[in-house]
Amino acid sequence: MIKMIQIINLSKNYKKQQVLKSIYLNFETPGFYFFLGKNGAGKTTFFKCLTGFEKFTGEINILNERSSDNYFGVMFSELMLYLNLSGENCIKTLCINNLIDSEWQFVKNYFSDIKLKKKVKDYSLGQQKLLTLLILILNDAKVLVLDEVSNGLDYETSSSIKALLSELKKEKIILSCGHQFEFYEGIIDSLYVLNDGEINKIEEENYNLGEVYEKYIGSHKATIKLPNKS
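To convert, count from 1 in the sequence shown and add 1288; that's this note's numbering.
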């Protein structure tokens, strides 16, 4: 069973702007936890605070300890890959332990031997994200924090990553956010809205992400006018 993550009074300021306001959250069971919010709402900042990449006020307790070291597997927009290495050597470098044959076979379900010999910089963004996710799995990260994982995916990598997440959420806590709503619908177990620095859980059932966004965040659609040629 995954151990509980307890967030107590987490706040984050950038100069005089308060980005996150007194966040209290608990994550106790495996599942896919999705955070909905507009661009710039603070989703990435929240994830970086949680995983130790940003300073904050408040507490994050894991296993009743105030530490997040060696617990999270993260994927931010700046992927932590060695672009000039081959896919195979990148895996060898970033994996904590040497891979056994069955683990290499797992990798080859997604990347051919030929592809693994190519440099990571020649992979598509979707392939780089898939490679990152495989490394997180091989390192047995207890909690996955995936920021905008759906961005830049083609059909094949989108299908592979979504299928992996659907299986992983049965045994891991996965925290994610994104704007390609169709990718996430069907795998979300708990939905949260981040707006005006506050995070609130949505208790509704059978929701549509687009409708939830409109209801709790608002579209703020711009009025479109064509230029006057007269």
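No residue lacks a Cβ here, since even glycine has one placed at the ideal position from N, Cα and C. Quick caveat: nothing in here was measured; it's all calculated off a predicted structure.
Checklist entry - Cβ atoms of F1323 and I1462: under 8 Å apart, would you say? => result For the purposes of this step, residue 1462 is taken as residue 174 along the sequence shown, with counting starting at 1. For the purposes of this step, residue 1323 is taken as residue 35 along the sequence shown, with counting starting at 1. No, Cβ-Cβ distance for I1462 and F1323 is not below 8 Å.
Next on the checklist: In the DSSP output, what is V1307 paired with across the bridge?
Outcome noted: Position 19 of the sequence shown holds residue 1307. Answer is none; V1307 lacks a bridge partner.
Checklist entry - Cβ of V1431 within 8 Å of Cβ of F1341? => result By 1-based counting over the sequence shown, the position of residue 1431 is 143. By 1-based counting over the sequence shown, the position of residue 1341 is 53. No. Outside cutoff.
Next on the checklist: Quick check: S1446 and G1414, are their CB atoms within less than 8 Å of each other?
Outcome noted: Translated into the one-based positions of the sequence shown, residue 1446 becomes position 158. Translated into the one-based positions of the sequence shown, residue 1414 becomes position 126. In this structure, G1414 lies closer than 8 Å to S1446 by Cβ.
Checklist entry - Mind checking whether V1433 and L1338 have CB atoms under 8 Å apart? => result Sequence index remark: in the sequence shown, residue 1433 carries index 145 (1-based). Sequence index remark: in the sequence shown, residue 1338 carries index 50 (1-based). Against a cut-off of 8 Å, the Cβ pair of L1338 and V1433 comes out as a contact.
Next on the checklist: Please list the terminal residues of the continuous alpha helix (DSSP H) segment that includes K1336.
Outcome noted: Looking up residue 1336 in the sequence shown gives position 48. Counting along the chain, the alpha helix (DSSP H) containing K1336 begins and ends at K1331 to L1338.
Next on the checklist: If I follow the unbroken beta strand (DSSP E) through Q1294, where does it start and stop?
Outcome noted: The count along the sequence shown starts at 1 and reaches residue 1294 at position 6. Its beta strand (DSSP E) spans residues I1293 to Y1302.
Item to check | Helix, strand or coil at K1458 according to DSSP, with G and I counted as helix | outcome: The residue given as residue 1458 occupies position 170 in the sequence shown. K1458: coil per DSSP, three-state reduction.
Item to check | Rounded C-alpha distance that separates S1464 from V1481 | outcome: Numbered from its first residue, the sequence shown carries residue 1464 at position 176. Numbered from its first residue, the sequence shown carries residue 1481 at position 193. Taking the straight line from one Cα to the other gives about 12 Å.
Checklist entry - From the DSSP output, which residues share a beta bridge with M1363? => result What you label residue 1363 is simply residue 75 of the sequence shown in a count that begins at 1. In DSSP, M1363 forms a bridge with L1434.
Checklist entry - In chain order, what residues of the same chain lie with their CB nearer than 7 Å to the CB of N1488, ignoring the 5 residues before and after it? => result Taking the sequence shown and counting its residues from 1, one reaches residue 1488 at position 200. Once the five neighbours on either side are set aside, the close Cβ partners of N1488 are Y1480 and V1481.
Item to check | Straight-line gap, Q1305 to K1460 (C-alpha atoms, nearest Å) | outcome: Residue numbering aside, residue 1305 sits at position 17 when the sequence shown is read from its first letter. Residue numbering aside, residue 1460 sits at position 172 when the sequence shown is read from its first letter. Between Q1305 and K1460, the C-alpha separation is close to 34 Å.
Next on the checklist: Assuming the contact rule is C-beta atoms closer than 8 Å, S1365 and D1435 should be a hit. Round their C-beta distance to whole Å, please.
Outcome noted: For the purposes of this step, residue 1365 is identified with residue 77 of the sequence shown, where counting begins at 1. For the purposes of this step, residue 1435 is identified with residue 147 of the sequence shown, where counting begins at 1. That pair is a contact at about 7 Å.
Checklist entry - Do you know how far the Cα of T1381 is from the Cα of Y1472? => result For this step, residue 1472 is matched to residue 184 along the sequence shown. For this step, residue 1381 is matched to residue 93 along the sequence shown. When rounded, the distance between both Cα atoms is 31 Å.
Checklist entry - So, is K1336 buried or exposed, given that buried needs 16 or more other C-beta atoms within 10 angstroms? => result Taking the first residue of the sequence shown as position 1, residue 1336 is located at position 48. When all chains shown are included, K1336 counts as buried.
Checklist entry - Should A1329 and N1483 be called a contact, given that it needs their Cβ atoms to be closer than 8 Å? => result Sequence index remark: in the sequence shown, residue 1329 carries index 41 (1-based). Sequence index remark: in the sequence shown, residue 1483 carries index 195 (1-based). In this structure, N1483 lies closer than 8 Å to A1329 by Cβ.
Item to check | Same chain, Cβ closer than 8 Å to G1346, five either side skipped, listed in chain order | outcome: Here residue 1346 refers to the residue found at position 58 when the sequence shown is read from its first residue. Counting only Cβ-Cβ distances below 8 Å, and skipping sequence neighbours, we find I1295, I1296, N1297, L1298, S1299, S1310 and I1311.
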